[in-house]
Amino acid sequence: MSVTAKICGLSTPETLDAAIRHGASHVGIVFFPPSPRHVDRDRAAGLAARVPGHVGIVGVFVDPDDALIDASIAAGSLDVLQLHKVSPDRAAILRRRTGLKVWAAMAIKTSADLAAARSFVGAADRIVYDAKTPEGSALPGGMGVRFDWTLLDGHRHPLPWALSGGLDPDNVAAAARRTGAPLVDVSSGVESAPGVKDVDRIARFLQAVRQIS
161 MSVTAKICGL STPETLDAAI RHGASHVGIV FFPPSPRHVD RDRAAGLAAR
211 VPGHVGIVGV FVDPDDALID ASIAAGSLDV LQLHKVSPDR AAILRRRTGL
261 KVWAAMAIKT SADLAAARSF VGAADRIVYD AKTPEGSALP GGMGVRFDWT
311 LLDGHRHPLP WALSGGLDPD NVAAAARRTG APLVDVSSGV ESAPGVKDVD
361 RIARFLQAVR QIS
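So for the sequence shown, our numbering puts the first residue at 161; every next one is plus one.
(1) Since tryptophan 321 sits in a beta bridge, which residues does DSSP pair it with?
(2) Taking aspartate 290 and glycine 325 to be in contact with their CB atoms under 8 Å, please state how far apart those CB atoms are, rounded to whole angstroms.
(3) Can you grab the Cα-Cα spacing for the pair isoleucine 233 / valine 288, in whole Å?
(4) For aspartate 345, is the classification buried or exposed, using 16 other Cβ atoms within 10 angstroms of its Cβ as the cut-off for buried?
(5) Looking at C-alpha atoms only, which residue of Ala368, Gly169 and Lys292 is the closest neighbour of arginine 337?
(6) What's the gap between the Cα of alanine 363 and the Cα of alanine 178?
(7) Three-state secondary structure (DSSP) at phenylalanine 119?
(8) Tell me, which residues are paired with leucine 343 by DSSP?
(9) Indicate whether isoleucine 229 and leucine 241 have their beta-carbon atoms separated by less than 8 Å.
(10) Do you know whose CA, among Arg197, Arg181 and Val163, lies nearest valine 129's CA?
(11) Quick check on glycine 301: buried or exposed, where buried means 16 or more other Cβ atoms within 10 Å of its Cβ?
(12) For valine 211, which of helix, strand or coil comes out of DSSP?
(13) Would you mind giving the Cβ-Cβ distance between arginine 278 and proline 318, rounded to the nearest angstrom? I have them listed as a contact below 8 Å.
(14) Can you tell me whether histidine 214 is buried or exposed, with buried defined as 16 or more other CB within 10 angstroms of its CB?
(15) Compute every distance between the C-beta of arginine 197 and the non-hydrogen atoms of the ligand ATP, then say whether any falls below 7 Å.
(16) To which residues does DSSP link alanine 353 through a beta bridge?
(17) On the DSSP bridge assignment, give the partners of glycine 219 in chain order.
(18) Assuming alanine 204 contacts glycine 183 under a Cβ cut-off of 8 Å, what Cβ separation, rounded to an integer in Å, is found between them?
(19) What are the boundary residues of the beta strand (DSSP E) that isoleucine 268 is part of?
(20) Could you tell me whether the Cβ atoms of glycine 259 and leucine 238 are closer together than 8 Å?
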């Protein structure tokens, strides 16, 4: 069982370098001002310049307009757009207009939420199953909330997919084995405080991923 990992919400050279050094397949840069992980374009450009070609750069957006997408792609040298709170039609438009891969984030709480992933066939390249945050939350993810992984039992995934929501160094191996996730995505689970990534936790998370079999 080969599992890859994305470390999301990176904002400093030290933590970005740790993610790359310990084997992350993707690094995530958040372009959403309400998030404590948001970075401006200048910082995004500085981070992107440190990323080697074999590591994918994922820009994370929440219902973005075209201007934000275009400016962020230019600043962050993005390979992937991870889109939260967008419709399949909007995802398809951005995928076609930018020529980049699109990951559609799905907020999951019930099996009905999982079923909605089918609507992104032809509009996205990957589904990111994330936990639905509490009603009224300002953020669509990155809050350490997990969903019931048993919902994935027997689920026929319509697209390549990733598991997100509530993962950390201590549970990622069990989560990946339980669900069969080919890609795991972590943000708050490798932080010492909201938006503050921890180099040691990043290392532990990626070590746990490498040991999954």
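We put the beta carbon where it would ideally sit given N, CA and C, even for glycine.
Since we're looking at a predicted model, the values are computed, not measured.
Reading from the atomic positions:
(1) Ile287
(2) That pair is a contact at about 5 Å.
(3) 20 Å
(4) Buried, by the Cβ-count rule.
(5) Measuring C-alpha to C-alpha distances from arginine 337 to each of Ala368, Gly169 and Lys292 identifies Ala368 as the nearest.
(6) Taking the straight line from one Cα to the other gives about 7 Å.
(7) The structure shown has nothing for residue 119, since the chain only spans 161 to 373.
(8) Thr164
(9) yes
(10) There is no way to answer for residue 129, as the model of the chain reaches only from 161 to 373.
(11) In this predicted model, glycine 301 has a pLDDT of only 49, less than 50, meaning its place in the structure is not dependable enough to derive any value.
(12) coil
(13) Arginine 278 to proline 318, Cβ: 5 Å. Contact.
(14) exposed
(15) What this structure holds is no ligand at all, so the ligand ATP is not there to describe.
(16) Val356
(17) Ile189 and Leu241
(18) With 8 Å as the limit, alanine 204 and glycine 183 do not qualify as a contact, their Cβ atoms being about 22 Å apart.
(19) For isoleucine 268, the uninterrupted beta strand (DSSP E) segment begins and ends at 261-268.
(20) No, the pair does not count as a contact, with Cβ atoms beyond the cut-off.
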